[in-house]
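What follows is a single structure, written as structure tokens, with notes after it.
Numbering (full-length UniProt numbering), first residue to last: 1 to 185.
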């Protein structure tokens, strides 16, 4: 009697990495239009001329960036404050460290990286935007990207809050979505 072996995929990505963004949505243009260069120059100038302000200014820019990210997707300010506090807790640091160590042990060197534990017990490490395409091939799925289908390029729109209080991407509730297609939405 043959046993049913299952595949599993571990997915590692860096939320700041332009490569991870390009894989999932058309953030490439936004990133280069709104990038962090101005903020980095501001902090460098501050460090050179008013070093006593550098830490406060850096923290303010960081808080603004992450708070704005939550606001952009419709997360209430109180929830973002809670999440920002949670991000500073030791448990969060421990989890991030263990995930990073696991990723390094598995040979992760790029973002995004997927690790496929295949039915033949071979571990395959796939990285970069092309890794999504290769993963789809290995899983015998179709893959659409902004390059192969320009209709996937979209502006980020705030999601609607569901009755359960969860935040849902507008694209995740699209009726008739082909379940066999991996789409970076």
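Don't be surprised by glycine CBs; every beta carbon is placed ideally from N, CA and C.
Annotation: residue 108 is outside any beta strand (DSSP E) and is labelled neither H nor E by DSSP. Closest in alpha carbon position to residue 119, among 107, 138 and 132, is 138.
Under the DSSP assignment, residue 83 falls in the alpha helix (DSSP H) whose first and last residues are 77-87.
Put simply, of 102, 99 and 110 the residue whose alpha carbon is nearest the alpha carbon of residue 130 is 110. According to the DSSP assignment, residue 135 belongs to the alpha helix (DSSP H) that extends over 128-138. In the same chain as residue 133, and ignoring 5 residues on each side of it, the C-beta atoms closer than 6 Å to its own belong to 143, in chain order.
Residue 49 sits away from residue 57, with the two beta carbons spaced by 9 Å or more. In this structure, the beta-carbon distance from residue 70 to residue 83 falls below 9 Å. The alpha-carbon separation between residue 97 and residue 89 amounts to approximately 13 Å.
Residue 123 carries a strand assignment under DSSP once its states are collapsed to helix, strand and coil.
Comparing alpha carbon positions, the residue from 104, 103, 114 and 61 closest to residue 38 is 61.
With contacts defined by Cβ atoms closer than 9 Å, residue 112 and residue 91 do not form a contacting pair. If you draw a straight line from the Cα of residue 94 to the Cα of residue 42, it is about 32 Å long.
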